[in-house]
Amino acid sequence: MPGGSGTRTGTGQEIMIESLLKYNNYVYEKQIFIGNQLFNNRYKADFVIDNSIIVSLKWQQVPGTAEQKVIYEIASLIKIINESGKYNMAYLVIGGNGFSANAKEYLFNQRYADILKNGNLVRSISVEDFIARLNNNNL
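According to our numbering, the sequence shown holds residues 1 to 139 in order.
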């Protein structure tokens, strides 16, 4: 079931990231439409930081299909960046214990950049690493 117990706890991840954005004085917007996804549906970003960095949060608490949908998310983010002329890059922030070790290894090593043109525009990162980047002003 979409938005089931495995993903709905991602709200906590969103609250945590927003509080760190505020604490570290980032300029950001949240839950805003920024373009069209791969299949041309409107895309709502979890956050846009400094008017140039898209942040997409993905939480998977239990094993499920979220990891299978991540490549579509990455391709959509690439499309939006290429078409916008406004956004420079995106972070795909992965949290929760439900993502398999193989998926994490593939994503965190940016292996999709080998098969997706401009895949380097999207950086997959763990929620812990993203928090460290926020705290160090190192986006």
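For every residue, glycine included, the Cβ atom is placed at its ideal position computed from N, Cα and C.
For residue i, name the three-state secondary structure that DSSP assigns.
| i | result |
| --- | --- |
| isoleucine 143 | Coverage of the chain is limited to positions 1 through 139, which leaves residue 143 absent and any answer about it impossible. |
| serine 19 | helix |
| leucine 38 | coil |
| methionine 1 | Because methionine 1 carries a pLDDT of 37, less than 50, the predicted location of this residue cannot be relied on, and the following value inherits that uncertainty. The answer is coil: DSSP assigns methionine 1 none of H, G, I, E or B. |
| glycine 64 | coil |
| lysine 117 | coil |
| serine 100 | coil |
Identify every residue that forms a DSSP beta bridge with residue i.
| i | result |
| --- | --- |
| phenylalanine 130 | Phenylalanine 130 pairs with nothing; no bridge assigned. |
| valine 48 | Glu29 and Ile54 |
| arginine 111 | None; arginine 111 has no bridge partner. |
| alanine 90 | Ile54 and Val122 |
| glycine 95 | Trp59 |
| tyrosine 43 | Gly35 |
Sorted by chain position, which residues of the same chain lie with C-beta nearer than 8 Å to residue i's C-beta, five sequence neighbours on each side aside?
| i | result |
| --- | --- |
| alanine 142 | Examination of residue 142 is not possible in this model, given that the chain is present from 1 through 139 alone. |
What does the Cβ neighbour count give for residue i, buried or exposed, with the cut at 16 atoms within 10 Å?
| i | result |
| --- | --- |
| phenylalanine 33 | exposed |
| serine 52 | exposed |
| arginine 123 | buried |
| glycine 85 | exposed |
| tyrosine 140 | Only positions 1 to 139 of the chain appear in the structure, and residue 140 is not among them; the question remains open. |
Do residue j and residue i have their beta-carbon atoms positioned less than 9 Å apart in this structure?
| i | j | result |
| --- | --- | --- |
| isoleucine 17 | leucine 57 | yes |
| alanine 132 | phenylalanine 99 | no |
| asparagine 102 | glutamine 61 | no |
| asparagine 36 | lysine 79 | yes |
| isoleucine 49 | tyrosine 26 | yes |
| glycine 95 | valine 127 | yes |
If you drop the 5 nearest sequence neighbours on each side, which residues of the same chain put their C-beta closer than 7 Å to that of residue i?
| i | result |
| --- | --- |
| alanine 113 | Gly119 and Asn120 |
| glutamate 14 | Asp46 and Leu57 |
| phenylalanine 130 | Tyr91 and Val93 |
| leucine 139 | Ile49, Ile53 and Arg133 |
Does any residue of chain B bring its CB to less than 9 Å from the CB of residue i?
| i | result |
| --- | --- |
| asparagine 118 | The chain labelled as chain B is not found in the depicted structure, where only one protein chain is given. |
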